[in-house]
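Under my numbering, think of the first position of the sequence shown as 1, with each following residue one higher. Positions of the beta carbon are idealized from the N, C-alpha and C atoms, including for glycine. The structure presented is a predicted model; accordingly, all values stated were derived computationally and were not measured. One structure is given here, and the rest of the page talks about it.
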Amino acid sequence: MNHALTLHKGCAVCASEQQNPYSLGVEYQLSEENLIFAQFTPQVRHMGYQGLLHGGIASALLDGAMTHCLLLQNIPALTARLDVRYHEPIAIGEQVMIFARCDTQKRGIYQLSAELCVQGKVHVRASGKFIVPKPQN
1 MNHALTLHKG
11 CAVCASEQQN
21 PYSLGVEYQL
31 SEENLIFAQF
41 TPQVRHMGYQ
51 GLLHGGIASA
61 LLDGAMTHCL
71 LLQNIPALTA
81 RLDVRYHEPI
91 AIGEQVMIFA
101 RCDTQKRGIY
111 QLSAELCVQG
121 KVHVRASGKF
131 IVPKPQN
């Protein structure tokens with residue numbers, strides 16, 4: 001495990017049940033094209049409005065995916081800005097595919113994007129700016 005991932009082992013989105021029993025337990029993976037992907041099926045405990053995935057959880061899934069684009073490259077960046085667009089609701093029980101990619105990087109500032117898709121259709125899209133924090137003394 002790389003150093004950046006060890007800093008993230010108690011995450012509310014991607015930690016294992018042993019590391020954080022309240023985590024969503026998402027297992028982000030890196031494709032050969034350097035894209036992040038994962039699968040998540042919302043349960044009743046993830047509900048906001050009746051029968052629908054809570055928007056905050058959708059946002060957390062996207063933020064986690066973008067974070068993993070950097071963590072898997074051993075870059076311990078933090079979210080500086082997150083812009084989320086909700087195009088369609090996601091029903092409880094629907095299989096959600098999560099995708100993320102690093103779009104640009106300049107002087108320690110990373111621009112990333114991510115999507116939540118159901119049956120190949122984008123339901124929620126996000127873009128984010130991530131920064132590498134200055135070392136603390």
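Here DSSP, grouped into helix, strand and coil, assigns R81 to strand. Cβ contact annotation for G108 (same chain, cutoff 7 Å, sequence separation greater than five): I131 and V132, in chain order. Cβ-Cβ separation between C11 and G64: approximately 7 Å, consistent with a contact (criterion under 8 Å).
Cβ contact annotation for Q19 (same chain, cutoff 7 Å, sequence separation greater than five): K9 and G10, in chain order. Counting C-beta atoms within 10 angstroms of its own C-beta, E115 has 16 or more neighbours from the protein chains shown and is therefore classed as buried.
Around the beta carbon of Y22, fewer than 16 other beta carbons sit within 10 angstroms, so the residue counts as exposed.
Nearest C-alpha to E94 among Y86, A100, V13 and G120: G120.
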